[in-house]
Amino acid sequence: MGWKAGDGPLRVAIVGAGPAGFYAAEALLKQADVPVSVDMFERLLTPYGLVRHGVAPDHLKIKTVTRAFAQTAAAPGFRFFGNVEFGRDLLLADLQKHYHQVLFTVGAQTDRHMGIPGEGLARSHPATAFVGWYNGHPDYCDLEFDLQQETVAVVGVGNVAIDVARILCLSHEELLETDMPEYAIDALSRSRVRDVYLLGRRGPAQAAFTNPELKELGELATADVIISKDEAALDELSREELEAANDRMLARKVEMIAEFAAHAPAGREKRLHLRFLVSPLALVDDGAGGVGAMTLGRNVLHRSASGALSAESTGETETIPAGLVFRSVGYRGMPLPGVPFNNRWGVISNRRGRAIDTETDETVTGEYVAGWIKRGPSGVIGTNKPDAVETVAAMLEDAAAGATWGPSAPVETAVVALLRSRGVEFTSFDDWCAIDNAELAAGQAASRPRVKFGNKDEMWRCLGREGGRAAG
Amino acid sequence: MKVSAVLASKGNRTFTIEPGALVEAAVATLAANNIGAVIVVAGGGLPTGMLSERDIIRKLASDPSTLERTVDEVMTFPVICGSPDDDVESVLRTMTAERFRHLPVVEGGEIVGMVTIGDLVKAQLAELRGVAANLETRLLES
Ligand SMILES: Cc1cc2nc3c(=O)[nH]c(=O)nc-3n(C[C@H](O)[C@H](O)[C@H](O)COP(=O)(O)OP(=O)(O)OC[C@H]3O[C@@H](n4cnc5c(N)ncnc54)[C@H](O)[C@@H]3O)c2cc1C
Ligand SMILES: NC(=O)c1ccc[n+]([C@@H]2O[C@H](COP(=O)([O-])OP(=O)(O)OC[C@H]3O[C@@H](n4cnc5c(N)ncnc54)[C@H](OP(=O)(O)O)[C@@H]3O)[C@@H](O)[C@H]2O)c1
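Protein chains in written order, with the numbering used here: chain U, 1 to 472; chain F, 1001 to 1142.
Okay, here's the thing in structure tokens:
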């Protein structure tokens, strides 16, 4: 029996406390047509997903979006359960007993591969791991990156690649202005990295990074941006496209790249080489099982019938030194137990936010998605807002039609009892506020914006709950 | 943004029809699934044409027996196909310039979806809204 008006609130479980989850919670709690209560489950102790563990530690302003999320968390009818992982601590069948609907906003938890020889050599890493590490993500905080290498190649020219390259080039003073955990500041301050190569497979007009992020590279205290004039120049197809696009921002991007190319380097300590029209073909073993160099193939652009420009190999190759490699060629969603998954796109199978059966395409009652696990790993934080609003509209429409789960125990206390009975030590939103305050206080003491805790144990200790479940 | 990002939340099914089928059958498929076009495919291969509501109506205006004709007599061909890796902006420009509204998407010799010009415009708009929402965050805090 589905939910109907008069039954009490529509009980919604949201799995994943990133931007998509919070924007959806806000949309659910702000409307007045259907009374809603939201329980949000998050596998980490802390909320905010990639705003905490993805967004670069020197981009503090955009992180203030969390103030709006905290307001949502304070709304009546909202509860946060941290350290609760769907698939480990809670299963679909549990949610079906206690909720009318579930919304998955679990983001993209893994990375894409390049599919080239040598990708698995030592010192070849996904950007996801490095990003998680410098941002204090508990899954990655124990990793080690060999920053004694002098040359680093970052594959891809999206905003994540730019973040990674920039972080590698920060001076000690610039590092202190970030909210990184101390271990990351220490390691990065001791770094001997001198040359960072950012590798774009297409040309300047197809680079995925955005203008403010490009501009910032030119403002680094101890790094020069180096672009060759040849690679900054547009080929015929890009020139035509740029003209047809009539897009001021794109024109500006191309112009900025040309300006970098025209500038003589100032002789700073580090060099950030932005390359275009090159594809990694192989990572070369240094003889000891680690990456020592990278073979690149040169590309030309090709226009398909649909008008898109793609990279085609010219057959020419070159080799660049690379003692450390980060592939930043995109994130990828992972399947959840019992939830339909589309392996081609790496998302939960869905039509405009309603989960659908992967084989039959039929709507699956009660299950919804928003954010990166709905549309794939692209878009800025704000993009998740219209995306979540679309899904919430579908949820409310289905609820009004009674097309929901029929939970046997739709009561607030049930899930708390269930988690306790399973020995799951969960955190509340108040716990998060305590962690938040402690990190801010540590920041103040060190004249830094924030000092993130370096691992889960430190957080449990901060909460006075050493007994907290340490396994993850 | 790439075409794959638009396809990811569109469901997994694409609607196809054989070139030898009757237009009547195509109309039934369009109506039953609330869609504007079907991809014409001979024997499960790559698209050979597209049949849209517009194609049918245009033909009906001059030929009342259109519904009894076969799909290949009414369809639009050749058909332009895209790839999941195509940039949405480039594809949109082509669709506008060449005046077609449905793009079958093909990868590894297989049809993996179809996007309409409406899907692409909507996705672009959502992206712009997202950027605007980000700007709002920064402004509110400065
Ligand atoms: C490195 C990087 C930097 C970025 N920088 C910026 C930027 O500067 N500005 C900007 O606007 N955008 C930026 N973005 C984009 C932005 O972060 C994303 O658009 C946004 O975070 C996606 O939101 P989401 O809620 O879908 O996923 P996420 O933010 O990934 O949130 C998903 C949440 O679900 C949780 N979860 C996962 N699995 C489970 C499970 N089984 N059970 C319970 N919980 C689970 C995760 O722990 C996580 O907290 C960046 C992205 C990356 C990768
Ligand atoms: N400051 C910010 O606002 C900020 C910061 C970080 C992230 N974000 C957002 O988060 C989203 C994800 O960012 P992202 O950088 O992970 O993804 P992205 O923007 O999609 O960039 C991926 C990059 O990898 C390249 N690539 C993919 N496969 C490749 C291959 N096999 N070989 C070589 N290069 C390959 C792509 O090139 P092609 O274009 O040729 O495919 C592209 O340059 C984006 O929407 C981004 O804007 C925003």
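Backbone N, C-alpha and C define an ideal beta-carbon position, used for all residues, glycine too. On a predicted model such as this, the values are computed, not experimentally measured, just so you know.
With a threshold of 16 other CB atoms inside 10 Å of the CB of residue i, please say whether the residue is buried or exposed.
| i | result |
| --- | --- |
| U:N83 | buried |
| U:H263 | exposed |
| U:G472 | Residue placement at U:G472 is flagged as unreliable, the pLDDT there being 40, under the threshold of 50; the coordinate-derived value follows with that caveat. Its Cβ having fewer than 16 others within 10 Å, U:G472 is exposed. |
| U:V411 | exposed |
| U:P265 | exposed |
| U:G481 | In the structure as shown, chain U begins at 1 and stops at 472. Residue 481 of chain U is therefore absent and cannot be evaluated. |
| U:L473 | Not covered by the structure: residue 473 of chain U. The range shown for chain U is 1 to 472. |
| F:K1059 | buried |
| F:G1020 | exposed |
| U:H125 | buried |
| U:A5 | exposed |
| U:D398 | buried |
| U:A208 | buried |
| U:H113 | exposed |
| U:D357 | exposed |
| U:K30 | exposed |
| U:H302 | exposed |
| U:P76 | exposed |
| U:E26 | buried |
| U:Q109 | buried |
| F:A1123 | buried |
| U:C433 | exposed |
| U:T360 | exposed |
What residues are listed by DSSP as bridge partners for residue i?
| i | result |
| --- | --- |
| U:R88 | According to DSSP, which records beta bridges pairwise, U:R88 is partnered with nothing at all. |
| U:Q101 | U:V12 |
| U:K270 | U:A223 |
| U:D142 | According to DSSP, U:D142 bridges with nothing at all. |
| U:T295 | U:A282, U:T319 |
| U:P181 | DSSP, once it has assigned bridges, lists no residue as partnering U:P181. |
| U:R40 | As written in the sequence, residue 40 of chain U is Met, which differs from the Arg given in the question. DSSP, once it has assigned bridges, lists U:I14, U:F80 as partnering U:M40. |
| U:F326 | U:H125, U:V154 |
| U:D111 | U:Y331 |
| U:A355 | U:N350 |
| U:H302 | U:S310 |
| U:K452 | Bridge partners of U:K452: none, in fact. |
If you drop the 5 nearest sequence neighbours on each side, which residues of the same chain put their C-beta closer than 6 Å to that of residue i?
| i | result |
| --- | --- |
| U:A409 | K97, H98 |
| U:L242 | A205 |
Any Cβ of chain A within less than 8 Å of the Cβ of residue i?
| i | result |
| --- | --- |
| U:V392 | Looking at the structure shown, chain A is missing, and the protein chains on hand are U and F. |
Considering only residues of the same chain and omitting the five flanking positions on each side of residue i, which have a CB-CB separation below 7 Å?
| i | result |
| --- | --- |
| U:S228 | A261 |
| U:F426 | F81, G82, N83, V84, L419 |
| U:R252 | N211 |
| U:S171 | A221, T222 |
Once you ignore the five residues that flank residue i on each side, which residues in its own chain have a CB closer than 8 Å to its CB?
| i | result |
| --- | --- |
| U:R194 | E150, T151, E269, K270, R271 |
| F:S1083 | V1003, V1105, V1106, E1107 |
Under 7 Å, CB to CB, which of the residues in the stretch 1114-1131 of chain F have a partner in chain U? A1126, E1127, R1129, G1130, V1131
Note down, in chain order, all residues in the stretch 362-377 of chain U with a beta-carbon under 9 Å from any beta-carbon belonging to chain F. V369, K374, R375, G376, P377
Along the stretch 44-77 of chain U, what residues have a CB closer than 7 Å to any CB found in chain F? K61, I62, T64, V65
Take every Cβ of the stretch 1095-1104 of chain F, pair it with every Cβ of the stretch 311-322 of chain U, and state whether three or more of those distances are shorter than 8 Å. Under the Cβ criterion (8 Å, minimum of three pairs), the stretch 1095-1104 of chain F does not count as touching the stretch 311-322 of chain U.
Counting Cβ pairs closer than 8 Å, one from the stretch 94-114 of chain U and one from the stretch 357-376 of chain U, do we hit at least three? yes
Evaluate contact between the stretch 4-19 of chain U and the stretch 39-58 of chain U, counting only Cβ atoms and requiring at least three cross-stretch pairs below 8 Å. yes
Please name the residues in the stretch 1007-1018 of chain F whose beta-carbon is closer than 8 Å to at least one beta-carbon of chain U, in chain order. L1007, A1008, S1009, K1010, G1011, N1012, R1013
When you compare the stretch 1066-1074 of chain F with the stretch 1016-1034 of chain F, are there three or more beta-carbon pairs, one atom per stretch, that lie closer than 8 Å? yes
Touching by the beta-carbon criterion (3+ pairs, under 8 Å), the stretch 134-153 of chain U and the stretch 335-354 of chain U: Segments in contact, no.
Under 8 Å (Cβ pairs) to chain U, residues found in the stretch 1027-1038 of chain F: none
Are there three or more Cβ pairs, one per stretch, closer than 8 Å when the stretch 199-211 of chain U is compared with the stretch 228-242 of chain U? yes
Output needed in chain order: residues of the stretch 113-127 of chain U with a Cβ under 8 Å from some Cβ in chain F. none
To be precise: take each residue of the stretch 341-353 of chain U, compare its Cβ to all Cβ atoms of chain F, and keep it if any distance is under 9 Å. Which residues remain? N342, R344, W345, G346, V347, S349, N350, R351, R352, G353
Taking contact to mean 3 or more Cβ pairs, one atom from each stretch, closer than 8 Å, check whether the stretch 422-437 of chain U and the stretch 1077-1084 of chain F are in contact. no
Within the chosen definition, does the stretch 321-337 of chain U reach the stretch 285-293 of chain U through at least 3 CB pairs nearer than 8 Å? yes
Could you say if the stretch 132-147 of chain U and the stretch 16-35 of chain U meet the contact criterion of at least three C-beta pairs nearer than 8 Å? no
Using 8 Å as the threshold, is the stretch 183-199 of chain U in touch with the stretch 64-73 of chain U, meaning 3 or more CB pairs across them? no
Contact residues within the stretch 309-323 of chain U, judged by C-beta distance below 9 Å to chain F: L309, S310
On the three-pair Cβ rule with 8 Å, is the stretch 371-381 of chain U touching the stretch 1031-1051 of chain F? no
Stretch-stretch touch, CB-based, cutoff 8 Å, three pairs: the stretch 443-453 of chain U with the stretch 169-188 of chain U: yes
Along the stretch 391-416 of chain U, what residues have a CB closer than 7 Å to any CB found in chain F? Those residues of the stretch 391-416 of chain U that come within reach of chain F (Cβ to Cβ, closer than 7 Å) do not exist; the list is empty.
Check each residue of the stretch 1103-1114 of chain F: if its Cβ is closer than 7 Å to any Cβ of chain U, include it; give the result in chain order. L1103, V1112
Compile a chain-ordered list of the residues in the stretch 1090-1102 of chain F whose CB is closer than 9 Å to at least one CB of chain U. Against chain U - using a Cβ distance shorter than 9 Å - the residues of the stretch 1090-1102 of chain F are S1090, V1091, L1092, R1093, T1094, M1095, A1097, E1098.
Contacting positions in the stretch 1050-1071 of chain F - beta carbon closer than 9 Å to chain U: So nothing in the stretch comes that close.
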